[in-house]
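> Structure incoming, see below.
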Amino acid sequence: MDMSQYRDLFVSEARGHLSAFAELIVRLEENSADREAIDELFRHAHSLKGMASTMQFDAVTGLAHRMEDLLSRVRSDEFAFVPDLADLLLEGSDMLADMVSVIENGEGVQPDPAALMESLGAFTPGQSADDDKPNTIRDSDRAPADLPGSQPQFRKSDTFKSVRVKTETLDRLVGITGELITTRYRLTDQARRHAGTALDEPLHQLSSLLRELRDEVFQARMLPFVVAAERFPRLVRDLARKQGKEISFQITGKEIELDRGILEEITEPLVHILRNAVDHGMETPDDRVAAGKPHGGSITISVKRDKDHVDIVVADDGRGMDPARLREKAIEKGVITPGQAALLSPQATLMLVCAPGFSTADQVSDVSGRGVGMDAVRTAVHALGGALAIESDIGRGSRFILRLPLSVSIIHALLVNSSNMTIAFPVSAVSRTIELRRSDIHGEGDRMSCSYEGRTILLKSLNLLLGQTVAPLEDNVLVPAVVTEFGEVTVGLMTDRLLGQQEIFVKPLGAPLANMKILSGGAITGDGRIVFVVDASAFI
Amino acid sequence: MGMSVMIIDDSLFMRNIMRGFMRDRGHSVVAEAASGIEALKKLHEVDPDIIVLDIILPDINGIDLLESILKTSPRAKVVVCSSLGQESVISKALESGASAFLQKPFTPEKVQEALDSLEA
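Chains as they are written, first to last, in my numbering: chain A, 1 to 540; chain B, 1 to 120.
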């Protein structure tokens, strides 16, 4: 019998078991008496063992078997779920994951589980544990779970309600839908010109069907936040343990859905923020107690959806950031001059951590502080048309707020005219629009400024930035400008005319336009005009 | 002669393998279920000759489910499956009315053996 036809299914199902396994272990560390979690852990190990033995993957079978045995001892109350046990089981699930990867790739060396299997087999709790008080749960404390007549616990099974679709297929569907929307705009335009009102009814119908299609297609691309966050609890746990910190980690809004592409782009930045929170934000238990705070700290991620955006907030109750220290550091590193530092608002000061080459860690640990920094986080958020904000109270903790659009490819945009080109700004990147008289504008060329909300902001000419010639400003003409604000910097971009807001279908640009840093994509309007979408943060 | 079979296992992987074995032997798989609830629901629609039941399911205790199945489909013969280490549950299942026991890992031979024992 040829079993290789079942390999892919084995790999994907094994992965499912392993990720659920790791999540359950972290859950058990928060509440070691969680009976249901122990049963589920056991079941995952057991299922994986059965699957692997059927495929004759002996190493996987053997290791999973040892883990199952150990869990059945916990299940029968031989001992409680202690942290040492969690470490050992996580080590086991990591090795199993490696084995599954080797199986998937059909190449590579299988890790040798012998030593780990021995530790699993020989595990005795309390050997390194510092307490010998009985942790075991007594039978009388809980209802017997296995007796007939006890309430069965139902869980939803959605196995047959969904199918797997390749992500490329979804991307193509979005592409086709976008083209259809553009074509409908054009059709409407032509119909008005040549057919009068005869086509109004079917066109109206077409529009509403297309709206529905767009919504459905986008819905199909949505994934719950938990898909990205699956490994976060484990990450925080491992980092905290390594540094001797005590952290309880919570995620709320796991079920909130985001576009797959956005989720993909935002995962690494979130990992970075979490690492920072554990590494730099959180104090050691001793320091916390000395500061009059609870022994253990807390880090939370909360996801909330609004009408047209999603907010992801990473908050910790650690030491917070000291603006005075940030300013000193920034001057020391040459990021800003002392003169500039004196002018920074508190919010702008916090955003200094996003400046390239800035790090507040006293010493660089192996945990964070290398590789991607907060500047990469900010860049990633902006590239998605989102915004990043930071709040912090000394001694009380910090909050990183990522505001993201719901979709990257169909966005609300502010269209403006500049040198006969139509330029689109994602609405999420625009603070507001203003109209300026010649007398409001100080200086000229690339040294223009104006006053805005009581402070002086830099003005730039969009024409100039796009490499076009600029007519001299006339005295009695109002110049419309788009104000875009990113952390510490606020810039007004002067345009020729504001055209209004519209929903546009953004497509990536091909070479050589794709090489232009300020352009993030292109779109076509109903009358066939090409619109360039700009990444406003690139102007700063 | 081919018989009608229902497979109850929460693992799609395991169901696929079992389905393959059954088809190779000329039996037709008339229903599959990934949970106890789903199984009980489907048993109102089909009346299989043989039910292959994984004793460890996410929702309902295997023995409880076995008893419900025997009530719903008294005609069906139930083959309970499990991996090593579940001997006590297996013997309980056999006491409760299961007709045969099949230990994972499945091989075509083992499946055949279990089916043969039903005939006897």
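Glycine included, every Cβ here is placed at the ideal spot set by N, Cα and C.
Note that the coordinates shown come from a computational prediction; the quantities given were computed from them, not determined experimentally.
(1) Arg43 (chain A) CB to nearest chain B CB: under 7 Å?
(2) Could you tell me which whole beta strand (DSSP E) segments of length 3 or greater appear in the segment 293-325 of chain A?
(3) Return the first residue and the last residue of the alpha helix (DSSP H) that Asn61 (chain B) is part of.
(4) What in chain A is Cβ-close to Pro48 (chain B), meaning under 7 Å?
(5) What residue does the alpha helix (DSSP H) around Thr252 (chain A) start on, and which one ends it?
(6) Using three-state DSSP, classify Ala10 (chain A) as helix, strand or coil.
(7) Could you pull the DSSP bridge partners for Met6 (chain B) from this structure?
(8) Would Lys304 (chain A) pass as a contact of Gly386 (chain A) if the rule is Cβ separation under 7 Å?
(9) His46 (chain A) touches chain B at which residues, Cβ-Cβ below 7 Å?
(10) Taking the continuous beta strand (DSSP E) assigned at Glu257 (chain A), which residues delimit it?
(11) Within its chain, find whatever has a CB closer than 8 Å to the CB of Ala220 (chain A); leave out the 5 residues flanking it on each side and keep chain order.
(12) Does Gln103 (chain B) come out as helix, strand or coil in the three-state DSSP assignment?
(13) Which residues in the same chain have their Cβ closer than 6 Å to the Cβ of Glu435 (chain A), if we skip the five residues on either side of it in sequence?
(14) I need the boundaries of the beta strand (DSSP E) containing Ile518 (chain A), first residue and last residue.
(15) Where does Asn31 (chain A) sit, in a helix, a strand or coil, going by DSSP?
(16) In whole angstroms, give me the CA-to-CA distance for Arg430 (chain A) and Leu465 (chain A).
(17) Helix, strand or coil for Lys41 (chain B)? Go by DSSP, reduced to three states.
(18) With a 10 Å radius around its C-beta and 16 neighbouring C-beta atoms as the bar for buried, classify Glu444 (chain A) as buried or exposed.
(19) Identify whether Asp393 (chain A) lies in helix, strand or coil by the three-state DSSP scheme.
(20) Mind pulling the chain B residues with CB within less than 7 Å of Met51 (chain A)?
(21) Cβ of Pro48 (chain B) within 7 Å of Cβ of Asp10 (chain B)?
(22) For Lys71 (chain B), count the other beta carbons within 10 Å of its own beta carbon; 16 or more makes it buried, fewer makes it exposed. Which is it?
(23) When you compare the CB positions of Leu414 (chain A) and Gln501 (chain A), do they come within less than 7 Å of one another, or not?
(24) Who are the near neighbours of Arg66 (chain A) in its chain, counting only those whose CB is closer than 7 Å to its CB and skipping five residues on each side?
(25) Compile a chain-ordered list of the residues in the segment 82-111 of chain B whose CB is closer than 7 Å to at least one CB of chain C.
(26) Can you give me the C-alpha to C-alpha distance between Ser298 (chain A) and Asp238 (chain A), rounded to a whole angstrom?
(27) What are the start and end residues of the beta strand (DSSP E) that includes Leu498 (chain A)?
(28) Taking only beta-carbon atoms, is Ile51 (chain B) less than 7 Å away from chain A?
(29) When you compare the CB positions of Gly261 (chain A) and Gly318 (chain A), do they come within less than 7 Å of one another, or not?
(30) Can you find at least 3 beta carbon pairs, one from the segment 447-466 of chain A and one from the segment 405-413 of chain A, that sit closer than 8 Å?
(31) Less than 8 Å between the CB atoms is what I'm expecting for Leu350 (chain A) and Ile401 (chain A), so what's the real figure, rounded?
(32) Buried or exposed: which applies to Glu40 (chain A), given that a residue is buried once 16 or more other Cβ atoms fall within 10 Å of its Cβ?
(33) Comparing C-alpha positions only, which one of A:Glu30, A:Asn420, A:Leu9 sits nearest to Val100 (chain A)?
(34) Which same chain residues end up closer than 6 Å to Gly36 (chain B) when comparing Cβ atoms and leaving out the 5 residues on each side of it in sequence?
(35) How about Ser4 (chain A): is its C-beta nearer than 7 Å to some C-beta of chain B?
(36) Which partner residues of Tyr185 (chain A) appear in the DSSP bridge assignment?
Taking the coordinates as given:
(1) The count along the first sequence starts at 1 and reaches residue 43 (chain A) at position 43. It does; some Cβ of chain B falls within 7 Å.
(2) 297-305, 309-316
(3) Locating residue 61 (chain B) in the second sequence gives position 61, counting from the first residue. That residue, Asn61 (chain B), is in no alpha helix (DSSP H); it is neither H nor E in DSSP.
(4) As a first step, residue 48 (chain B) must be located in the second sequence, where it is residue number 48. Those within 7 Å of Pro48 (chain B) in chain A number zero; the least Cβ separation is about 18 Å.
(5) Position 252 of the first sequence holds residue 252 (chain A). Per DSSP, Thr252 (chain A) belongs to no alpha helix (DSSP H); it is in the beta strand (DSSP E), 247-252.
(6) Counted from its first residue, the first sequence places residue 10 (chain A) at position 10. Sequence check: residue 10 (chain A) is Phe here, not Ala. In this structure, Phe10 (chain A) counts as helix in the three-state DSSP scheme.
(7) For the purposes of this step, residue 6 (chain B) is identified with residue 6 of the second sequence, where counting begins at 1. For Met6 (chain B), which the question treats as bridged, DSSP gives the partners B:Ala31, B:Ile51.
(8) Numbered from 1 along the first sequence, position 304 holds the residue referred to as residue 304 (chain A). Numbered from 1 along the first sequence, position 386 holds the residue referred to as residue 386 (chain A). No, they are not a contact pair.
(9) For the purposes of this step, residue 46 (chain A) is taken as residue 46 along the first sequence, with counting starting at 1. Within chain B, the residues near His46 (chain A) are Ile56, Ser83.
(10) Taking the first sequence and counting its residues from 1, the one referred to as residue 257 (chain A) is at position 257. That run of the beta strand (DSSP E) goes 257-259.
(11) The residue labelled residue 220 (chain A) in the question sits at position 220 within the first sequence. Taken in chain order, the residues that qualify are Val165, Leu170, Leu173.
(12) Counting from one through the second sequence, the residue named residue 103 (chain B) turns up at place 103. DSSP places Gln103 (chain B) in strand when its eight states are reduced to three.
(13) Against the first sequence, residue 435 (chain A) aligns to sequence position 435. Around Glu435 (chain A): Leu478, Pro480.
(14) Here residue 518 (chain A) refers to the residue found at position 518 of the first sequence. Per DSSP, Ile518 (chain A) belongs to no beta strand (DSSP E) and is neither H nor E.
(15) One-based indexing of the first sequence puts residue 31 (chain A) at position 31. Three-state DSSP puts Asn31 (chain A) in coil, outside helix and strand.
(16) In the first sequence, residue 430 (chain A) corresponds to position 430, counting from 1. In the first sequence, residue 465 (chain A) corresponds to position 465, counting from 1. A quick correction: the sequence has Val, not Arg, at residue 430 (chain A). Note on geometry: alpha-carbon atoms of Val430 (chain A) and Leu465 (chain A) lie some 17 Å from one another.
(17) Numbered from its first residue, the second sequence carries residue 41 (chain B) at position 41. Reduced to three states, the DSSP call for Lys41 (chain B) is helix.
(18) If you number the first sequence from 1, residue 444 (chain A) lands on position 444. Glu444 (chain A) should be labelled exposed.
(19) Taking the first sequence and counting its residues from 1, one reaches residue 393 (chain A) at position 393. Asp393 (chain A) falls in the strand class under three-state DSSP.
(20) Residue numbering aside, residue 51 (chain A) sits at position 51 when the first sequence is read from its first letter. Ordered by position in chain B, the residues that pass the 7 Å Cβ test against Met51 (chain A) are Ser11, Phe13, Met14.
(21) As a working mapping, residue 48 (chain B) is identified with position 48 in the second sequence. As a working mapping, residue 10 (chain B) is identified with position 10 in the second sequence. Contact: no.
(22) Working through the second sequence from its first residue, we reach residue 71 (chain B) at position 71. Exposed: under 16 other Cβ atoms inside 10 Å.
(23) Along the first sequence, one-based indexing puts residue 414 (chain A) at 414. Along the first sequence, one-based indexing puts residue 501 (chain A) at 501. Yes; because the gap between Cβ atoms is below 7 Å, this pair is in contact.
(24) Locating residue 66 (chain A) in the first sequence gives position 66, counting from the first residue. So the qualifying residues of the chain are Met117, Leu120, Gly121.
(25) Included in the structure are the protein chains A and B, with no chain C among them.
(26) What you label residue 298 (chain A) is simply residue 298 of the first sequence in a count that begins at 1. What you label residue 238 (chain A) is simply residue 238 of the first sequence in a count that begins at 1. Ser298 (chain A) and Asp238 (chain A): Cα-Cα distance of roughly 15 Å.
(27) Here residue 498 (chain A) corresponds to residue number 498 of the first sequence, with the count starting at 1. Where Leu498 (chain A) is concerned, the enclosing beta strand (DSSP E) stretches over 497-505.
(28) Taking the second sequence and counting its residues from 1, the one referred to as residue 51 (chain B) is at position 51. So no, Ile51 (chain B) is outside the interface.
(29) As a first step, residue 261 (chain A) is located in the first sequence; it is residue number 261 there, counting from the start. As a first step, residue 318 (chain A) is located in the first sequence; it is residue number 318 there, counting from the start. Contact flag unset, no.
(30) no
(31) The residue you call residue 350 (chain A) lines up with position 350 of the first sequence. The residue you call residue 401 (chain A) lines up with position 401 of the first sequence. The C-beta separation of Leu350 (chain A) from Ile401 (chain A) comes to about 11 Å, leaving the pair out of contact by the 8 Å criterion.
(32) To locate residue 40 (chain A), count along the first sequence from 1; it is residue 40. Buried, by the Cβ-count rule.
(33) By one-based count along the first sequence, residue 100 (chain A) stands at place 100. For Val100 (chain A), the nearest C-alpha among the options comes from A:Leu9.
(34) Residue mapping note: residue 36 (chain B) aligns to position 36 of the second sequence, counting from 1. Around Gly36 (chain B): Leu57, Asp59, Ile60, Leu65.
(35) Counted from its first residue, the first sequence places residue 4 (chain A) at position 4. No, because no Cβ of chain B sits closer than 7 Å to the Cβ of Ser4 (chain A).
(36) In the first sequence, the residue the question calls residue 185 (chain A) occupies position 185. Paired residue(s): none; Tyr185 (chain A) is not in a bridge.
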